[in-house]
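Chemist:
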DNA sequence: CGTTAGCACTCGCACGACCAGAGTGCTAAA
DNA sequence: TTTAGCACTCTGGTCGTGCGAGTGCTAACG
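Residue numbers (the working numbering), protein chains in the order written: chain A, 9 to 357; chain B, 9 to 357.
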């Protein structure tokens with residue numbers, strides 16, 4: 009930001025008009041339409057000239073000769089970065105968002121799930137929320153609860169109030185004492201470690217050490233160690249994929265499929281998100297910028313949410329590149345803020 | 009079953025041919041095609057006459073005059089009940105299924121999730137698995153683990169090795185002793201009760217009693233009681249919805265949407281499934297039989313899976329009415345059996 | 001020199017005509 | 001009862017046409 013590239017004011021206003029109009033109508037927009045609908049005080053002919061220039065510099069493109077123009081990826085980028093006027097979230101929506109987040113039970117997973125649903129509903133696009141796991145957080149302790157004979161509930165407790173549980177079957181029955189023993193040992197080795205540091209190499213070491221130390225059968229220890237691996241923990245909740253089917257750009261089923269497949273594959277979605285999750289503030293990723301084939305027709309508006317300044321996760325909206333950026337950016341920002349607040353209240357005792 | 013409605017053999021074979029052909033080609037099938045591809049030893053003209061009869065009795069229908077015929081809902085029903093020859097699951101698939109189920113970690117949820125994925129992959133349709141909760145099972149005990157200040161992990165342990173956990177925030181900090189107290193009380197009241205009996209009325213009673221007994225602030229108790237409600241527990245895992253988009257019947261996006269919406273709405277999906285989940289054996293529900301608008305173009309093949317004869321959940325496949333029933337029925341049956349076996353080994357100590 | 005009016009030109013698309021192909025129902029003969 | 005033959009129907013694809021929207025260019029204008 010800050011840097012304003014050279015573009016004279018009239019061009020800027022025309023690019024704005026084209027983009028706004030195309031976002032609303034999904035139809036290529038011509039000089040006549042602009043002259044009629046937006047009063048720039050100039051004739052269609054002038055607008056035509058300017059549009060030709062804008063096309064030359066890559067901000068607009070023509071689906072085919074003598075149709076109107078539509079914004080190119082570069083055009084959207086410029087629009088998002090320098091032109092668009094953010095549309096504040098309406099009071100009514102603010103209220104609804106706050107209410108939904110408040111009223112939700114005190115369970116984090118449900119809150120997150122509901123957030124995704126709400127975001128999809130309000131944006132009318134697809135939404136996702138990365139469940140909170142603070143890479144900056146720390147491990148606190150582990151508890152092992154015998155459930156019956158050979159089943160043990162592994163409970164991982166992390167920094168600000170996160171809990172993950174895994175049910176594992178062990179090969180040999182372990183006594184409550186033995187389990188407490190292991191739990192204490194693991195807790196002592198892992199406590200206060202930032203989650204980001206708990207790499208598989210460390211786990212291997214610990215596992216080896218644990219075997220020496222306790223003489224337990226490896227399968228048992230293995231099961232516990234495995235449940236320490238965090239990969240799976242950063243779960244993605246998504247909702248509203250079907251909303252995308254309403255968009256004219258996805259009427260063609262093969263286009264719809266490529267983006268729906270993206271959401272169906274946890275892996276793909278996760279790899280996609282991991283690119284932007286670290287960045288502070290609202291990030292807008294347009295079309296091929298995401299570097300993912302299924303996203304070439306889509307844009308993504310994404311923001312991290314924080315608890316006491318520490319980023320805990322991220323959420324966002326996926327829609328066609330022809331997205332209501334000005335509305336969605338503020339929406340995503342507002343929801344992220346509020347989810348952060350709610351989680352702060354849940355987590356920070 | 010058992011009852012064989014009146015239909016002479018030739019009609020039956022023609023209905024079979026039409027259905028088989030339509031299932032394979034997705035094109036209305038005419039008398040000529042049948043005469044050519046299936047040697048029934050009669051001419052197209054004869055077949056035409058028979059087909060006209062079959063249409064009169066409602067087994068076939070014509071999309072429009074002088075296109076071929078396609079099976080009606082009634083036709084599919086007859087085909088499924090009396091005509092089709094089940095196609096055994098190939099050895100290779102058997103192996104793959106067994107391997108996938110074995111190799112999966114010992115966590116129930118992951119196993120179930122993976123089962124849905126596998127079933128979708130093998131059937132090339134959409135698949136779902138209802139996570140195991142035995143209505144016939146019994147409650148065993150509850151544990152309350154303090155996580156920090158005001159956060160408590162509620163751990164519900166059920167009959168054969170199921171565990172559900174909920175993280176709840178309480179209004180007032182409770183000591184470990186107090187929690188143990190509550191847990192013991194709740195366990196004593198609920199232990200050995202069949203899950204199907206734990207109705208909300210009972211929970212209300214217990215809650216009242218607990219308040220008297222412990223003098224705890226209601227919000228706390230409320231939170232715990234709420235996590236006892238089982239509704240949410242019967243979770244549905246589904247996968248492969250995008251597979252449906254490959255089917256020619258869903259090329260029209262509005263048709264695709266109605267069924268995708270079904271899967272997106274947990275509620276709808278659940279209400280749909282609850283209808284058939286109780287039935288033993290493989291159930292085939294065709295089109296409007298499901299009584300759900302979004303399903304009118306779809307069929308569902310569903311089977312319960314059992315642990316030691318007790319039904320624990322169900323799984324199934326959803327595809328177009330023009331589904332490869334003969335393949336899917338055996339597949340669903342086989343997977344249900346094997347999932348049951350695997351769970352038996354996991355659960356029964 | 002920037003702006004604008006006018007105009008010829010280009011496409012895409014919707015519409016209608018047309019034909020080929022597939023399939024039917026009916027009738028009459030085997 | 002089955003079958004061959006035939007007239008008829010309907011869909012889907014192809015082709016041509018005209019219309020409308022929009023452009024680029026040129027020349028005139030302030």
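A virtual CB, placed ideally from N, CA and C, is assigned to each residue, including glycine.
Which residues does DSSP pair with residue 266(B) in a beta bridge?
Modeler: In the DSSP output, where bridge partners are listed per residue, residue 266(B) has none listed.
Chemist: Quick one: Cα of residue 57(B) to Cα of residue 324(B), how far?
Modeler: Whole-angstrom Cα-Cα distance: 38 Å.
Chemist: Is there a Cβ from chain B that is less than 8 Å from the Cβ of residue 150(A)?
Modeler: Judged by the 8 Å Cβ criterion, residue 150(A) is not in contact with chain B.
Chemist: Whole angstroms are fine: how far does the CA of residue 274(A) sit from the CA of residue 138(A)?
Modeler: Those two C-alpha atoms are separated by around 11 Å.
Chemist: For residue 92(B), does the three-state DSSP call read helix, strand or coil?
Modeler: Residue 92(B): coil per DSSP, three-state reduction.
Chemist: Determine whether the Cβ of residue 22(B) lies closer than 8 Å to any Cβ atom of chain A.
Modeler: No, because no Cβ of chain A sits closer than 8 Å to the Cβ of residue 22(B).
Chemist: Secondary structure at residue 24(B), three-state DSSP: helix, strand or coil?
Modeler: Residue 24(B): helix per DSSP, three-state reduction.
Chemist: Hey, does residue 141(B) have any beta-carbon neighbour from chain A nearer than 8 Å?
Modeler: Not closer than 8 Å to any Cβ of chain A, the Cβ of residue 141(B) fails to qualify, so no.
Chemist: In terms of alpha-carbon separation, which member of 265(A), 50(A), 341(A) lies closest to residue 304(A)?
Modeler: Per the Cα distances, 265(A).
Chemist: Check residue 189(A) in the structure and name its three-state DSSP category.
Modeler: Of the three classes helix, strand and coil, the one that applies to residue 189(A) here is helix, per DSSP.
Chemist: With distances taken between CB atoms, is the gap from residue 68(B) to residue 55(B) smaller than 8 Å?
Modeler: Not closer than 8 Å, so no.
Chemist: Residue 120(B) and residue 278(B): beta carbons closer than 8 Å?
Modeler: Going by C-beta atoms, residue 120(B) is not nearer than 8 Å to residue 278(B).
Chemist: Measuring alpha carbon to alpha carbon, tell me which of 314(A), 41(A), 59(A), 292(A) ends up nearest residue 18(A).
Modeler: Nearest option by C-alpha distance: 59(A).
Chemist: Do residue 147(B) and residue 109(B) count as a contact pair if the criterion is CB distance below 8 Å?
Modeler: Going by C-beta atoms, residue 109(B) is not nearer than 8 Å to residue 147(B).
Chemist: Helix or strand or just coil, what does DSSP make of residue 181(A)?
Modeler: Residue 181(A) falls in the coil class under three-state DSSP.
Chemist: If you run the structure through DSSP and keep just helix, strand and coil, what is residue 170(B)?
Modeler: Reduced to three states, the DSSP call for residue 170(B) is coil.
Chemist: With a threshold of 8 Å between beta carbons, is residue 269(B) in contact with chain A?
Modeler: So, interface residue.
Chemist: Which residues of the region 162 to 188 of chain B have a Cβ closer than 8 Å to any Cβ of chain A? Give them in chain order.
Modeler: Per Cβ criterion, the list reads 163, 165, 169, 171, 173, 174, 175, 176, 177.
Chemist: For residue 77(B), list the residues DSSP reports as bridge partners.
Modeler: Note: residue 77(B) sits in a beta bridge opposite 37(B).
Chemist: For the region 335 to 349 of chain A and the region 301 to 317 of chain A, state whether three or more C-beta atom pairs, one from each stretch, are separated by less than 8 Å.
Modeler: Output reads yes: the region 301 to 317 of chain A touches the region 335 to 349 of chain A.
Chemist: Under DSSP, the beta strand (DSSP E) around residue 151(B) begins and ends at which residues?
Modeler: Segment 147 to 156, the beta strand (DSSP E) holding residue 151(B).
Chemist: List the residues of chain A whose Cβ lies closer than 7 Å to the Cβ of residue 250(B), in chain order.
Modeler: The contacting residues are 265, 268, 269, 272.
Chemist: Can you tell me whether residue 39(B) is buried or exposed, with buried defined as 16 or more other CB within 10 angstroms of its CB?
Modeler: The residue is buried, with at least 16 neighbouring Cβ atoms inside 10 Å.
Chemist: Residue 180(A): buried (16+ other C-beta within 10 angstroms of its C-beta) or exposed?
Modeler: Classification for residue 180(A): exposed.
Chemist: For residue 189(A) and residue 100(A), I'd like the C-alpha separation in whole angstroms.
Modeler: When rounded, the distance between both Cα atoms is 54 Å.
Chemist: Shortest alpha-carbon distance to residue 177(B) belongs to which of 154(B), 198(B), 192(B)?
Modeler: Among 154(B), 198(B), 192(B), the Cα nearest to that of residue 177(B) belongs to 154(B).
Chemist: Going along chain A in order, which residues have a C-beta closer than 7 Å to the C-beta of residue 354(B)?
Modeler: Correct list: 177.
Chemist: Tell me, please, which residues DSSP counts as bridged to residue 246(A).
Modeler: According to DSSP, which records beta bridges pairwise, residue 246(A) is partnered with 136(A).
Chemist: Under 8 Å by Cβ, that's how I've got residue 37(B) and residue 76(B) pegged, so tell me the actual separation to the nearest angstrom.
Modeler: Sure, about 4 Å apart at Cβ, within 8 Å.
Chemist: Within a Cβ cutoff of 6 Å, which residues of the same chain sit near residue 243(A), ignoring the five residues on either side of it in sequence?
Modeler: So the list reads 139, once near-sequence residues are dropped.
Chemist: Which whole-angstrom value is the C-beta distance of residue 187(B) and residue 152(B), which I expect to be below 8 Å?
Modeler: Indeed, because the Cβ distance is near 4 Å, the residues count as touching under 8 Å.
Chemist: Helix, strand or coil: which one does DSSP assign to residue 354(B)?
Modeler: Note: residue 354(B) maps to helix in three-state DSSP.
Chemist: Distance check for residue 321(A) and residue 70(B), CA to CA, integer angstroms please.
Modeler: Whole-angstrom Cα-Cα distance: 55 Å.
Chemist: Who pairs with residue 159(A) in a beta bridge, going by DSSP?
Modeler: Residue 159(A) pairs with 156(A), 177(A).
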